[in-house]
Amino acid sequence: MARETCSLLTVVAESVLEKQLVADLAKLGVTGFTVTDARGGGHHGRRDSGWDHTGNIRIEVLCDPGLAERLARHFEESYAGNFAMTLWLQDARR
Amino acid sequence: MARETCSLLTVVAESVLEKQLVADLAKLGVTGFTVTDARGGGHHGRRDSGWDHTGNIRIEVLCDPGLAERLARHFEESYAGNFAMTLWLQDARR
Amino acid sequence: MARETCSLLTVVAESVLEKQLVADLAKLGVTGFTVTDARGGGHHGRRDSGWDHTGNIRIEVLCDPGLAERLARHFEESYAGNFAMTLWLQDARR
Chain A
2 MARETCSLLT VVAESVLEKQ LVADLAKLGV TGFTVTDARG GGHHGRRDSG WDHTGNIRIE
62 VLCDPGLAER LARHFEESYA GNFAMTLWLQ DARR
Chain B
2 MARETCSLLT VVAESVLEKQ LVADLAKLGV TGFTVTDARG GGHHGRRDSG WDHTGNIRIE
62 VLCDPGLAER LARHFEESYA GNFAMTLWLQ DARR
Chain C
2 MARETCSLLT VVAESVLEKQ LVADLAKLGV TGFTVTDARG GGHHGRRDSG WDHTGNIRIE
62 VLCDPGLAER LARHFEESYA GNFAMTLWLQ DARR
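Heads up: the sequence lines are chains A, B and C, in that order.
Count along the first sequence from 1, then add 1; that gives the number in our numbering.
Count along the second sequence from 1, then add 1; that gives the number in our numbering.
Count along the third sequence from 1, then add 1; that gives the number in our numbering.
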């Protein structure tokens, strides 16, 4: 069985954003996602949250590369200026 | 020190499957794995679980590419028809 | 917007190491990291911890490839001989 190349988008953000981010995923056409609780530190996003540990979430979305890039841009434009958030894209096969 | 190319298999499935999946890993020759608790939504696998959040697990296995593909096929053939499950493969270096 | 190629370092280790590993990250110049609680089994590192499930952490660091390799070597040289630890590197785009 040949596997399909796809993208894995991982978004780490403050827990307070979970509901909004999940609602955005549905609106933008995502059909599946995974959320895990996390903690982190450092300088995520443009808001300097210091090196303290705070309640974060980690959202993963496996989808086609075009949708993954659209999601990434949407999150960056909508949230990265005002909230601690970091995201990255990777290749995957499903 | 040169690193070895390997595969990272990630399986997201209903929590009820954890014991069975871990038992399968041992039988199929896996020597290490990581489990995290997760929640998710969407249409994982062929069973439509809706957009609700439910108790999921996320299992990661780092191994040689041939074993990773065998594990992926085993899980797809054994569980994807009857349980909400999604999985993907990625390249990694260890 | 063009994305930058970077490395994702994932370290899975015994929970008891969390404070030390996070302190090392800061000393070595890391500006952001994510920690999730995990459990695992198998033969991570050179200490045979058996197939039992124990309290682990999973640390992710997204950074430039050179720093990721330096971090990986530091952790391997400092801890892998005496603690259950596994780590891997992957390409990512941010």
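Backbone N, C-alpha and C fix where the C-beta goes; we use that ideal spot for every residue, glycine too.
Because the structure is a prediction, the values reported are computed rather than measured.
List, in order along the chain, the chain B residues whose C-beta lies closer than 8 Å to that of residue i?
| i | result |
| --- | --- |
| C/A39 | T35, V36, T37 |
Residue i: which of the options sits nearest, CA to CA?
| i | options | result |
| --- | --- | --- |
| A/G33 | B/G43, B/L26, B/T32, B/L88 | B/G43 |
| A/E15 | A/R74, A/C7, A/R71, A/D38 | A/D38 |
| C/L63 | C/H75, C/R95, C/L88, C/R74 | C/R95 |
| C/A85 | B/G82, B/T35, B/R59 | B/T35 |
| B/L29 | B/G82, B/N83, B/R40, B/E70 | B/E70 |
| C/S79 | C/Q21, C/E61, C/R4 | C/Q21 |
| B/E61 | B/V23, B/E77, B/N83 | B/V23 |
| B/D65 | B/D25, B/V31, B/A3 | B/V31 |
Applying a beta-carbon distance threshold of less than 9 Å, which residues of chain A neighbour residue i?
| i | result |
| --- | --- |
| C/D25 | In chain order: nothing, as chain A lies at least about 13 Å away. |
Using 8 Å for Cβ pairs, my map puts residue i next to residue j. What's the rounded Cβ distance?
| i | j | result |
| --- | --- | --- |
| B/L18 | B/Q91 | At roughly 21 Å, the Cβ-Cβ gap does not stay under 8 Å, so B/L18 and B/Q91 are not in contact. |
| C/T11 | C/L72 | The pair is not a contact, with the Cβ atoms about 11 Å apart (cut-off 8 Å). |
| B/R74 | B/V13 | The Cβ separation is near 17 Å, so there is no contact. |
| A/N57 | A/G41 | 5 Å |
| C/C7 | C/A93 | 5 Å |
Helix or strand or just coil, what does DSSP make of residue i?
| i | result |
| --- | --- |
| C/V36 | strand |
| C/L29 | coil |
| C/E61 | strand |
| A/E15 | strand |
| B/G41 | strand |
| A/G67 | helix |
| C/R4 | coil |
| A/R74 | helix |
| A/A81 | coil |
| B/W52 | Low confidence applies here, because B/W52 scores a pLDDT of 45, under 50, leaving its location unreliable; read the following figure in that light. Coil at B/W52, not helix or strand. |
Give the residues of chain C in contact with residue i, contact being defined as C-beta atoms less than 7 Å apart.
| i | result |
| --- | --- |
| A/N83 | Here the premise fails: no neighbours, minimum Cβ distance about 17 Å. |
Against residue i, what residues of chain B qualify as contacts under a CB-to-CB distance less than 9 Å, listed in chain order?
| i | result |
| --- | --- |
| C/T87 | G33, T35, L63, R95 |
Beta-carbon of residue i versus every beta-carbon of chain D: anything under 8 Å?
| i | result |
| --- | --- |
| C/Q21 | Annotation note: the requested chain D is absent from the structure, which comprises protein chains A, B and C. |
For residue i, return the contacting residues in chain C, with the cut-off set at a CB-CB distance below 9 Å.
| i | result |
| --- | --- |
| B/L9 | T11, W89, Q91 |
| A/R59 | T35, T37, E61 |
Using the beta-carbon of each residue, which ones in chain A are nearer than 8 Å to residue i?
| i | result |
| --- | --- |
| B/G43 | V31, T32, G33, F34 |
**Asked** Going along the chain, which residues of the stretch 65 to 77 of chain B sit with their C-beta nearer than 9 Å to a C-beta in chain C?
**Response** none
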